[in-house]
Amino acid sequence: MKPAPKVLRRGEWGWPTKPVHLEVLSEVVPETDRPPLLFLHGLGHGAWCFAQNWQAAAAERGYSSYAMSLRGHGGSGGQTRLGRTTLRDYVHDVLQVISSLDQPPVLVAHSLGTLVAQRVLQRYPARAGVLLTPIPAGGIPSTMVSGLRSKPVDFTRAVLGGTLRLNAADLFADLPEATAREYVSRIGRESPWAQYAMLVPEALRPIESPVMVVGAEKDTLVAAADVRRCARALGVEPVWVPGGHDVMLDGSWRTVLSTVLDWVDTTCPPGPPLPGARQMQPLEVTFT
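Per the working numbering, residue 32 is the first one in the sequence shown, and the count goes up by one each step.
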């Protein structure tokens, strides 16, 4: 019999993460036998980026879904403490939302959110994990080199503690200009500590859940070499999809979602859920 996963680790009892209100946008399909999807956004984004297109489209495929905003983002609390928020706080947020669901979800994370997801998947046996334009736990050397060449001021500012500035060209490859501007206007601040975590290599324990790694063919932010590095560390081959970095918002979002859900259909076929981990008491999670 395998030991239970260590949801709370040594040292975390003495410095517990403070609970906050968490925004969770839900799209529920009644009486579905498919596992729920939990969408986790990336740098400066919020639940809105998955609610815009993917949640309704996933429901058409029979999938209930929940899109959460990490603390300090979207409609979640913790805005005033974002500058002191760590990756561990984000992991806590995701575990709280997972614990409020009636069965283990498929965790679908984007960009910086994939760094959080990899830590969550070490602790909690989700049905599966999907990492979109991922940040490898071993750091992003190729991305940093290309970023310092193409956006030296913005990347240096981020290293010094400012939020990495993102524009439409960074995120989208095929989107009307007005739509792209509207999406960019919704992007907010990011925790400097979470940004630093992207630069510091960390050896993660093996992840037992099935994992899909997805790279975008026209991603100008996360280097293809780092996508391959992430996939190699997890023992899988990356899947390449059309579009830019924000695959859930770019013009090819339907193709990307279809690719992801086809994999989930195969990996997590309809039927009773697998046994989950121990459940924790959810704290101030509000579904809307």
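Note that the Cβ used here is the ideal one computed from N, Cα and C, for glycine as well.
{"Item": "Reduced DSSP secondary structure (H/G/I, E/B, other) of Y214", "Value": "helix"}
{"Item": "Within the segment 87-148, ranges of the alpha helix (DSSP H) (whole runs, at least 4 residues)", "Value": "118-131"}
{"Item": "DSSP-derived helix/strand/coil call for L162", "Value": "strand"}
{"Item": "Through-space distance from T164 to Y97, alpha-carbon basis", "Value": "20 Å"}
{"Item": "Residue-level contact to chain B via CB, A254, 8 Å cutoff", "Value": "Among the chains of the structure shown, chain B does not appear; only one protein chain is present."}
{"Item": "Contact check, V147 vs G109, beta carbons under 8 Å", "Value": "no"}
{"Item": "Contacts around A159, its chain only, beta-carbon distance under 6 Å, and the 5 residues preceding and following it disregarded", "Value": "V137, S240, P241, T298, C299"}
{"Item": "Whether L292 touches C80 by CB criterion (8 Å)", "Value": "no"}
{"Item": "CA nearest to the CA of V5, picked from R196, D250, P237", "Value": "Because the chain is modelled from 32 through 319, residue 5 falls outside the range shown and cannot be assessed."}
{"Item": "Whole-angstrom distance between I129 and W85, CA atom to CA atom", "Value": "19 Å"}
{"Item": "Reduced DSSP category for F70 - H, G, I as helix; E, B as strand; rest coil", "Value": "strand"}
{"Item": "With 16 other Cβ atoms within 10 Å as the buried cut-off, status of E54", "Value": "buried"}
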